[in-house]
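**Student:** Attaching a single structure in structure tokens format; questions to follow.
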Amino acid sequence: MKSRYSKLIFFALILLALSGVFTSPLALIAGFLFNLFFKTPYRQQQHLAINYLLKFAVIGLGFGMFISETIATGSKGFSLTLSTIVLTVFLGFILTKYLKIDLRLGHLITSGTAICGGSAIAAISPAIKANAKTISVSLAIVFMLNAMALFIFPVLGHAFHLSQEQFGIWCAVAIHDTSSVVGAALQYGEEALKIATTVKLTRTLWIIPMAVFSMFYFKTKNERVRIPYFIIFFVLAILAHSYHLLPESWAEGLVLLSKRLLLVSLLLIGINISLKDFKTIGLKPVALALVLWIFIATFSLLFILY
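Now the structure itself:
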């Protein structure tokens, strides 16, 4: 009987995720709570589903991006974007080894901080063959800092008397996820929102070289390097949207579907973690994420001010 109820609730949660009721953090939390109180059904199939759902979601997100617009508008923050990504990734590698954190976990936290939070983690995790536990912990840490940024950044922006343009660039570079970038910029002003959104979209394009680099970095000695098909299709999706090869309504529908699939994958990732996982990992990954976040926020602020 309990098994039947767990299956009913399991499928109900999937339907809620597909309907868009959940936000990304809520989907992860809902999955975690389900695993806490119920026996997880279809555990083996879930690992396969997570792998494919993440890939399909990343491909679909490409239909919401224009190459020309993001590059043209994002050029305002290009030098800052490039320098922060390179320096954050370099610092992340050093700290991961110094703190003796699992390499894949450290790399996902670093990538999420350097580029665009959950989207970067979703795109890079299949390329490095990260397991559900590693993905879920990195997402949980990034989402936690993301939520804090939503409240902290507008206050700091006013404290440092940043202009609309300065704040837009700063929050696009230093805040992980696009959703929190938009939320923080919206509190600051319309111009800040416009600049922040476009700079963040340009930053998102760095997922492609980062995923390819990650794949080379984590390949085993005798393993042949193969560019993941979902990265190729992600690029093709961006090109298809940029050159209007699909009706806009179709592109919007595909982006919406990909976001819903991402929510389902986050739900399943949450279902596959437990309190034991966090106890095993400890506070070091949180320390890594916090140090990287403080670094990227401070460096980018000083870059903008001086």
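So for the sequence shown, our numbering puts the first residue at 59; every next one is plus one. The C-beta atom is built at its ideal place from N, Cα and C for all residues, glycine as well. Remember, it's a predicted structure, so these values are computed and weren't measured experimentally.
(1) Quick one, which of H299, I173, A178 and H165 has its alpha-carbon nearest F276's?
(2) Below 8 angstroms on the Cβ atoms is my guess for L350 versus T171; work out the distance and round it to an integer in Å.
(3) In the DSSP assignment, the alpha helix (DSSP H) including V144 goes from what residue to what residue?
(4) How long is the line joining the alpha carbons of K317 and K342, rounded to whole angstroms?
(5) If you draw a straight line from the C-alpha of V144 to the C-alpha of F151, how long is it?
(6) Threshold first: 4 residues or longer. Then list the alpha helix (DSSP H) segments lying entirely within the region 173-246, N to C.
(7) Within 10 angstroms of the Cβ of S137, are there 16 or more other Cβ atoms? Answer buried if so, exposed if not.
(8) For L263 and L319, what's the separation of their Cα atoms in angstroms?
(9) Just to confirm my understanding: we take F114, look at its own chain, exclude 5 residues before and 5 after, and list those with CB closer than 8 angstroms. What are they?
(10) Roughly how many angstroms separate the alpha carbons of M59 and T98, rounded to a whole number?
(11) Using the C-alpha atoms, what's the distance from A309 back to F124?
(12) Buried or exposed: where does S238 fall if 16 or more other Cβ atoms within 10 Å of its Cβ makes it buried?
(13) If you follow the alpha helix (DSSP H) that N93 is part of, which residue opens it and which one closes it?
(14) Since A295 and I179 are thought to touch, with beta carbons under 8 angstroms apart, how far apart are those beta carbons, to the nearest angstrom?
(15) State buried or exposed for I108, treating a residue as buried only when at least 16 other CB atoms are found within 10 Å of its CB.
(16) Measure the alpha-carbon distance for L304 versus I329 and round it to whole angstroms.
(17) Could you say which of P184, S196, F291 and K191 lies nearest to T168 if we only look at CA atoms?
(18) Per the contact definition of three or more C-beta pairs closer than 8 angstroms, is the region 185-193 in contact with the region 213-233?
(19) Could you tell me which of L244, L333, L326 and A355 sits nearest to Q102, measuring between CA atoms?
(20) Got a sec? Which residues, its chain only, sit under 6 angstroms from E223 by beta carbon, not counting five neighbours each side?
(21) G10: which of L324, L348 and Y364 sits nearest, CA to CA?
(22) Classify L314 as helix, strand or coil using the three-state DSSP reduction.
(23) From what residue to what residue does the alpha helix (DSSP H) around H105 run?
**Tutor:** Let me spell this out:
(1) H165
(2) 4 angstroms
(3) F136 to Y156
(4) 30 angstroms
(5) 11 angstroms
(6) 175-185, 190-217, 222-232 and 236-246
(7) exposed
(8) 20 angstroms
(9) F288, S316 and L319
(10) The predicted position of M59 is uncertain, since its pLDDT is 48 and thus under 50; a value taken from the coordinates is nonetheless stated next. Using only the alpha carbons, I get a separation of about 14 angstroms.
(11) 11 angstroms
(12) buried
(13) S82 to F95
(14) Incorrect: roughly 19 angstroms between the Cβ atoms, too far for contact.
(15) buried
(16) 36 angstroms
(17) S196
(18) no
(19) L326
(20) I253
(21) The structure shown does not extend to residue 10, since the chain spans only 59 to 364, so no value can be given for it.
(22) helix
(23) R101 to L119
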